[in-house]
Amino acid sequence: ETSDQQARVASSMDAAIEKSKKGLVDSPSSTGLALQLDDGTRKSHSMAENTAFVTGFFRGIATTESFAELVSTLYFVYQAMEKAFDEASDERVLAMDSKPLRRLAALEVDMEYYFGTNFR
5 ETSDQQARVA SSMDAAIEKS KKGLVDSPSS TGLALQLDDG TRKSHSMAEN TAFVTGFFRG
65 IATTESFAEL VSTLYFVYQA MEKAFDEASD ERVLAMDSKP LRRLAALEVD MEYYFGTNFR
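Under this note's numbering, the first residue of the sequence shown carries the number 5, and numbering increases by one thereafter.
See the structure below:
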């Protein structure tokens, strides 16, 4: 299964690079990093959907504290990921970047809300 997944992702990335060179744009979720994340985490998402936190979250019974913890975790993940994209020069890495999928600015607003303006 892993080699099939790697082949699908590699093929998609090659296609994304070629389309990028031609100025054509795909949906962010059909290529690059979004495709890799979707393909690589499908099983984990299915398992996570059944956890108490996620079930409670979607039912509206998650605590503010648990949601703030989730926001802080996502903030640090996106901060590192977006910094890596900004500093990358390899076109294979740049092909995985999608501006519409960047979330750091929105997460900073959430971090200020939950942790105050000095959250950094």
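Heads up, the beta-carbon is just placed ideally off N, CA and C, and yes, glycines get one too.
Rounded to a whole number of angstroms, what is the C-alpha to C-alpha distance between threonine 68 and aspartate 114? Roughly 12 Å separates the two Cα atoms.
Cα-Cα separation, arginine 96 to arginine 106: Their backbone Cα atoms lie some 18 Å apart in a straight line.
Note the first and the last residue of the continuous alpha helix (DSSP H) segment covering threonine 67. In the DSSP annotation of this structure, threonine 67 is not part of any alpha helix (DSSP H), being labelled neither H nor E.
Pull up the CB-CB distance for valine 75 and tyrosine 118, whole angstroms please, since I reckon it's below 8 Å. Taking C-beta atoms under 8 Å as the contact rule, valine 75 and tyrosine 118 qualify, at a distance of about 6 Å.
Taking the alpha-carbon positions, what's the glutamine 83 to glutamate 91 distance? CA-CA distance, glutamine 83 to glutamate 91, rounds to 12 Å.
Aspartate 42 versus serine 50 - alpha carbon distance: For aspartate 42 and serine 50, the gap between their C-alpha atoms comes out near 11 Å.
DSSP three-state assignment for serine 50, whether helix, strand or coil: Residue state, collapsed to three classes: helix.
In this structure, how does DSSP classify threonine 45 when only helix, strand and coil are distinguished? In the three-state scheme derived from DSSP, where H, G and I count as helix and E and B as strand, threonine 45 is classed as helix.
Cβ neighbour criterion (16 or more within 10 Å) applied to alanine 99: In summary, alanine 99 is buried, with 16 or more beta-carbon neighbours lying within 10 Å of its beta-carbon over all protein chains present.
Can you name the start and end residues of the alpha helix (DSSP H) that arginine 96 belongs to? Per DSSP, the continuous alpha helix (DSSP H) segment holding arginine 96 begins and ends at 95–98.
Between lysine 47 and glutamate 116, what straight-line distance do the alpha-carbon atoms span, to the nearest angstrom? Each residue's Cα considered, the two are about 32 Å apart.
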